[in-house]
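The next block holds one structure in the form of C-alpha cells; read it before the comments.
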Amino acid sequence: MTSDLGLSVDAQFTLRRRPNSEKFLDLGFRQLTLALASLVAIVLLAILVTVFQGSREAMASFGLRFIVTSAWDPVNEQYGAFVAIYGTLVTSILSLAIAVPLGVGTAIFITEDLIPARLRELIGLMVELLAAIPSVVLGLWAIFVMEPAIRPALELLHHLLGWTPFFATTPQGPGMAPAILILVVMVLPIITAIARDALNQVPIELRQGAYGVGTTRWGAIFAVILPAAISSIIGGVMLALGRAMGETMAVTMIIGNSLNFDLSLLAPGNTIASMLANQFGEADGIQVSALMYAALILMLLTFSVNVLAQWVVRRLSLKY
Amino acid sequence: MTSSMTSSGRESNTDTSLFDRRPLSFDPKLKRNRLNGLFTLISGLFATLAVLPLVLVLVYVLVQGGRLLSLRLFTELPPAPGLEGGGIGNAMLGTVLVTLIAALIAIPVGVAGGVYLSEYAGKSWFGQVVSFSNDVLAGVPSIISGVFVYGLIVATRVFFGQSYSAMAGGIALSVLMLPTVIKTTNEGLKLVPNELRLGAYGVGASRYVTITQIVIPAALTPISTGVVLAIARAAGETAPLIFTALFSAFWPEGIFNPIATMSVLIFNFAIMPYPAQNELAWAASFVLVMMILAANLLARWLSRLSKT
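The listed protein sequences correspond, in order, to chains U and Y. Just so it is clear: in the first sequence, position 271 is 271 by this note's numbering, and no numbers are missing. One rule links them: number in this note's numbering = place in the second sequence (from 1) + 320.
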C-alpha cells in the first residue's frame, strides 16, 4: 500500500486528537438544535393542553349536548355551539364544492399546452399571489365590493328557489352565501397549486400512451391523467378543507355572526372561528370556557381532516 | 415466401375491412372533437374566473387605498370616531414591531429545528415526532394560536402583570411562522449535495463547522425564501392578534402594552359606520398589500437566484 502510493505513512501524518473544546461545541450545537426542534412538539402539546384545560369547565356543565344545542345565552349561561359547528361545516364544504372544479380546471388549463408558456406562468403566478393577500383585506373587499355586487344574483336565487328552505330568506347584506364565496377565493390557490404539481408529476409516457391509442386531449385527461394524479389532488382538497374550516377574518367580516339557527344560506350565520374572533376578547367566566370548548372542537375537526389528507396521499397513490 | 404471398393478397382485397383507410384528417364535427373543444373552453373559463378575484381585489385596493396615500397617513394617529382625517402611523409601526418580535423568535427556532431534522434526526423516532408535530402545527387554524397565547400569556398576566401586549401578539404570530420556517429550512438543507458535507469532513472539519460554515451557506437562498414568505404571511395575519396584541389608538408604548397593527386596524375600522375609518381601512390595506406583494416577489426572485 505504502509503496504503491510512493509515500511512507509514518513520516507524513501525525494524528491529532480532536480537542475537548471542539467536541463540546459539536455536542452543544447538536443538543441546541434538538432542544429547539422539540419546541415544536412542546408548543403543539401546550396548545392542546391550554385549550383542553380552558374548556373543562364548559365540558363539565354542558357535556356533549354542547355540540347539538344551539342556545348561546350569556345571560342565563347556557351555551351550545350547534349553529357555529353547522356554519363551519356548511361554509367549508360548499365552498369546496365550488372551488374544486374551478381549481382543478385552472390547474389543467395551466399544465396543458393550450396557451403560450408565458401566459400559463402568468396565470400560475397570479393564483399564487392571490394566496398572499391577507384574509382581512379580502374581508374588507367582500364587505364593500363583493357583497353589494352579488346581491342582485342572490336576490334572483331567492326569487327562483325561495320555496326551498335553503334560499328562504331575502338576502340583506352579510350572510352565509357571501362567506362561502369569499372562502372559495381563499382556498382556490391551495387547490390550484397542489393540483398543478400533481398533474406535472404524471409521467409523460402515460400521456403518450393515451395519445398513441388515439384518444383526444380531454379523453387523455379524464381517463388517464386525472386518475393518475387523483390521490395528490384529493390530499390537496382535504388540506384546503382544513384551511377553510379554520379561516377566520374574511368569514367573520361577512357572515353576519348570527347566533340563531337558520337553514337558509342567504341568512346570516356563524362559524366557530368567527365566534372566537368576535367574543373571545370580551368574554368572561364560563363563556371563555365555552369558547375554549368550541376551539377544541375546531382543532379536532381540522386535525382529523389534515391527518386524513396525509393518509389519503400515502394510501391511495397509484403506482406506475 | 408463402407468408409474403398471403399478406400481400390480404392487403389488396381487405383494404377497408381490416384497416380504416380514410385519410388521416381532423374532423371538427365529430362528437369527440366537439367535446374536446367544449372542455378546453370550460377550463379556460375556470382559469379566468380564478384570476378574476386577484385582479378585482388589487384594483379596488389600489384605487380606494392609493387615493389616500399621503405623508399624513404615515405620521398621524387615527382620528376619534366621527372625526375626519388622521393617519395610520401607529399601526404601521405596530405591525413592524410585532412582526419583528415574531421573526426574532421563529427564525432561530425554526432554522435550528430544520437543521436538526435534516442533519441529525435521520429516521429516528424523535425526528418523526418533530416532523409530524410540525405538519399538525402548520394545519392549526390561526385563531387557535391566538386562543393559546391568550390562555398562556394574556389571561395569566405573566409579563409584569400586563395582559394584552405586543409581546403576546408577537409570540402568537411566531407560532404560525414556525412550521413554515422549519419546513423550508429542512427542504433547503436536503437539497445540499452530500458531497459537500463529505468534503468538509474529509478536510477535518467538525460537524458543527460543516453545518454552520458549509451546509447552511449553501442553502441560504431557499432558507431566506421561506423566511421572507413566513414574515409576509405573519404581517397580514389578524386572527391571532385580536385578543393578544389588541389595539391602541395611540403610539406604541413599549412591547408590554397593547399595540395597534394594520391588520387589526382594517378589521376594526371596516365594520365601523364612519366613512373616515372605512377609508383608513382601505389605506391600510393598500400599504399592507404592497408590502406583502413586494415580499412575495422578493422571495420569487431569491428562489430564481438559487436555480441559476
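Every residue, glycine too, gets a C-beta built ideally from N, C-alpha and C. Predicted model, so just to flag it, every value in this text is computed and none were measured.
* Taking C-beta pairs closer than 8 Å, name the residues in chain Y that residue 306 of chain U reaches, listed in chain order. => Residue mapping note: residue 306 of chain U aligns to position 306 of the first sequence, counting from 1. The contacting residues are 455, 456 and 459.
* Own chain partners of residue 425 of chain Y with C-beta closer than 6 Å, once the 5 adjacent residues on each side are dropped -> Position 105 of the second sequence, counted from the first residue, corresponds to residue 425 of chain Y. Contacts found: 494.
* Asked: Exposed or buried, which one is residue 291 of chain U when buried takes at least 16 other CB atoms within 10 Å?
  -> Along the first sequence, read from residue 1 onward, the residue named residue 291 of chain U stands at position 291. So residue 291 of chain U counts as buried.
* To do: Could you check which residue in Y:395, Y:611, Y:538 and Y:386 has the C-alpha nearest to that of residue 630 of chain Y?
  => The question about residue 630 of chain Y has no answer, for chain Y in this structure spans 321 to 628.
* Which residues of chain Y have a Cβ atom closer than 9 Å to the Cβ of residue 22 of chain U, listed in chain order? -> Locating residue 22 of chain U in the first sequence gives position 22, where the first residue counts as 1. Those are 526, 528 and 529, listed as they occur along chain Y.
* To do: Kindly list, in the order they appear in chain U, the residues whose Cβ is closer than 8 Å to that of residue 558 of chain Y.
  => The residue you call residue 558 of chain Y lines up with position 238 of the second sequence. Per Cβ cutoff of 8 Å: 134, 135, 136, 248 and 249.
* Pull up the distance between the alpha-carbon of residue 235 of chain U and that of residue 366 of chain Y, whole angstroms please. => The residue labelled residue 235 of chain U in the question sits at position 235 within the first sequence. The residue labelled residue 366 of chain Y in the question sits at position 46 within the second sequence. Their Cα atoms are separated by approximately 21 Å.
* Asked: Mind checking if residue 197 of chain U is an interface residue toward chain Y, Cβ cutoff 8 Å exclusive?
  -> Here residue 197 of chain U refers to the residue found at position 197 when the first sequence is read from its first residue. Taking Cβ atoms only, chain Y never reaches closer than 8 Å to residue 197 of chain U, which makes this a no.
* To do: Would you identify the three-state DSSP class for residue 172 of chain U, choosing helix, strand or coil?
  => Taking the first sequence and counting its residues from 1, the one referred to as residue 172 of chain U is at position 172. Note: residue 172 of chain U maps to coil in three-state DSSP.
* **Same chain only: Cβ atoms within 7 Å of residue 70 of chain U, ignoring 5 sequence neighbours per side** => In the first sequence, residue 70 of chain U corresponds to position 70, counting from 1. The answer, listed in chain order, is 80, 82, 83 and 261.
* To do: Scan the segment 358–371 of chain Y for residues whose Cβ lies nearer than 7 Å to a Cβ of chain U and list them as they occur along the chain.
  => 359, 360, 362, 363, 364, 366, 367, 369, 370 and 371
* Which whole-angstrom value is the C-beta distance of residue 96 of chain U and residue 240 of chain U, which I expect to be below 8 Å? -> As a first step, residue 96 of chain U must be located in the first sequence, where it is residue number 96. As a first step, residue 240 of chain U must be located in the first sequence, where it is residue number 240. Contact flag correct, Cβ pair sits at about 6 Å.
* **Alpha-carbon spacing of residue 221 of chain U relative to residue 483 of chain Y, whole angstroms** => Taking the first sequence and counting its residues from 1, the one referred to as residue 221 of chain U is at position 221. Taking the second sequence and counting its residues from 1, the one referred to as residue 483 of chain Y is at position 163. Going by the C-alpha atoms only, they are around 57 Å apart.
* To do: Taking residue 284 of chain U as part of the alpha helix (DSSP H), name the residues at either end of that continuous run.
  => Position 284 of the first sequence, counting from 1, holds the residue named residue 284 of chain U. From DSSP, residue 284 of chain U is part of no alpha helix (DSSP H); its letter is neither H nor E.
* **Beta-carbon proximity of residue 188 of chain U to residue 89 of chain U, cut-off 8 Å** => Taking the first residue of the first sequence as position 1, residue 188 of chain U is located at position 188. Taking the first residue of the first sequence as position 1, residue 89 of chain U is located at position 89. Between residue 188 of chain U and residue 89 of chain U, the CB-CB gap reaches or exceeds 8 Å.
* Under 6 Å Cβ to Cβ from residue 123 of chain U, same chain only, skipping five residues before and after it: list those, please. => In the first sequence, residue 123 of chain U corresponds to position 123, counting from 1. For residue 123 of chain U, where only same-chain residues beyond five positions count, the Cβ hits under 6 Å are 110.
* Asked: Is the CB of residue 435 of chain Y under 8 Å away from at least one CB in chain U?
  -> To locate residue 435 of chain Y, count along the second sequence from 1; it is residue 115. So yes, residue 435 of chain Y belongs to the interface.
* Asked: So, is the C-beta of residue 180 of chain U closer than 8 Å to a C-beta in chain Y?
  -> Position 180 of the first sequence holds residue 180 of chain U. Answer no: the Cβ-Cβ gap between residue 180 of chain U and chain Y never drops below 8 Å.
* Asked: Hey, does residue 625 of chain Y have any beta-carbon neighbour from chain U nearer than 8 Å?
  -> Counted from its first residue, the second sequence places residue 625 of chain Y at position 305. With 8 Å as the cut-off, residue 625 of chain Y does not count as an interface residue toward chain U.
* Would you kindly check if the distance between the Cβ of residue 535 of chain Y and the Cβ of residue 427 of chain Y is under 8 Å? => As a first step, residue 427 of chain Y must be located in the second sequence, where it is residue number 107. As a first step, residue 535 of chain Y must be located in the second sequence, where it is residue number 215. Going by C-beta atoms, residue 427 of chain Y is not nearer than 8 Å to residue 535 of chain Y.
* Using the beta-carbon count (16 or more within 10 Å), is residue 175 of chain U buried or exposed? -> Here residue 175 of chain U refers to the residue found at position 175 when the first sequence is read from its first residue. Buried, because 16 or more other Cβ atoms sit within 10 Å of the Cβ of residue 175 of chain U.
* Report yes or no: is there a C-beta of chain U within less than 8 Å of the C-beta of residue 463 of chain Y? => Start at 1 with the first residue of the second sequence, and residue 463 of chain Y comes out as number 143. It does; some Cβ of chain U falls within 8 Å.
* Asked: Is it true that the segment 561–578 of chain Y meets the segment 468–479 of chain Y, where meeting means three or more beta-carbon pairs spaced less than 8 Å apart?
  -> yes
* Using a C-beta to C-beta distance shorter than 9 Å, which residues of chain A count as neighbours of residue 26 of chain U? -> Protein chains U and Y are contained in the structure displayed, whereas chain A is not.
* What residues of chain U sit near residue 563 of chain Y, judged by a beta carbon separation below 7 Å? -> Here residue 563 of chain Y is taken as the residue at index 243 of the second sequence, counted from 1. Within 7 Å Cβ-Cβ: 280 and 281.
* **Under 8 Å between C-beta atoms of residue 141 of chain U and residue 380 of chain Y** => Position 141 of the first sequence, counted from the first residue, corresponds to residue 141 of chain U. Position 60 of the second sequence, counted from the first residue, corresponds to residue 380 of chain Y. In terms of Cβ geometry, residue 141 of chain U and residue 380 of chain Y form a close pair [threshold 8 Å].
* Taking Cβ-Cβ distances shorter than 7 Å, what residues in chain U pair up with residue 264 of chain Y? -> What is shown of chain Y runs 321 to 628, which leaves residue 264 of chain Y out entirely.
* To do: For residue 113 of chain U, name the three-state secondary structure that DSSP assigns.
  => Numbered from 1 along the first sequence, position 113 holds the residue referred to as residue 113 of chain U. In this structure, residue 113 of chain U counts as coil in the three-state DSSP scheme.
* Spatial distance of residue 332 of chain Y from residue 207 of chain U (CA atoms) -> Locating residue 332 of chain Y in the second sequence gives position 12, counting from the first residue. Locating residue 207 of chain U in the first sequence gives position 207, counting from the first residue. Unreliable positioning characterises residue 332 of chain Y in this predicted model, as indicated by a pLDDT of 46, which lies under 50. The coordinate reading is nonetheless provided below. Approximately 35 Å between the Cα atoms of the pair.
* Find the residues of chain Y that neighbour residue 321 of chain U, judging by a C-beta separation of less than 7 Å, and give them in chain order. => For residue 321 of chain U there is no data in the structure shown, the boundaries of chain U being 1 and 320.
* Asked: Is residue 614 of chain Y buried or exposed, if buried means 16 or more other CB atoms sit within 10 Å of its CB?
  -> Translated into the one-based positions of the second sequence, residue 614 of chain Y becomes position 294. Exposed is the call here.
* Contact list for residue 54 of chain U against chain Y, beta-carbon separation under 7 Å -> By one-based count along the first sequence, residue 54 of chain U stands at place 54. The answer, in chain order, is 471.
* From residue 519 of chain Y to residue 513 of chain Y, what does the alpha carbon distance come to, in whole angstroms? -> Counting from one through the second sequence, the residue named residue 519 of chain Y turns up at place 199. Counting from one through the second sequence, the residue named residue 513 of chain Y turns up at place 193. Near 10 Å, if we compare the C-alpha coordinates of residue 513 of chain Y and residue 519 of chain Y.
* Using 8 Å as the threshold, is the segment 19–37 of chain U in touch with the segment 432–445 of chain Y, meaning 3 or more CB pairs across them? -> yes
* Asked: What's the gap between the Cα of residue 359 of chain Y and the Cα of residue 155 of chain U?
  -> Position 39 of the second sequence, counting from 1, holds the residue named residue 359 of chain Y. Position 155 of the first sequence, counting from 1, holds the residue named residue 155 of chain U. The alpha-carbon atoms of residue 359 of chain Y and residue 155 of chain U are separated by roughly 30 Å.
* Ordered along the chain, which non-local residues of its own chain (more than five positions away) have a Cβ less than 6 Å from that of residue 300 of chain U? -> Counting from one through the first sequence, the residue named residue 300 of chain U turns up at place 300. Excluding positions up to five away in sequence, the list is empty.
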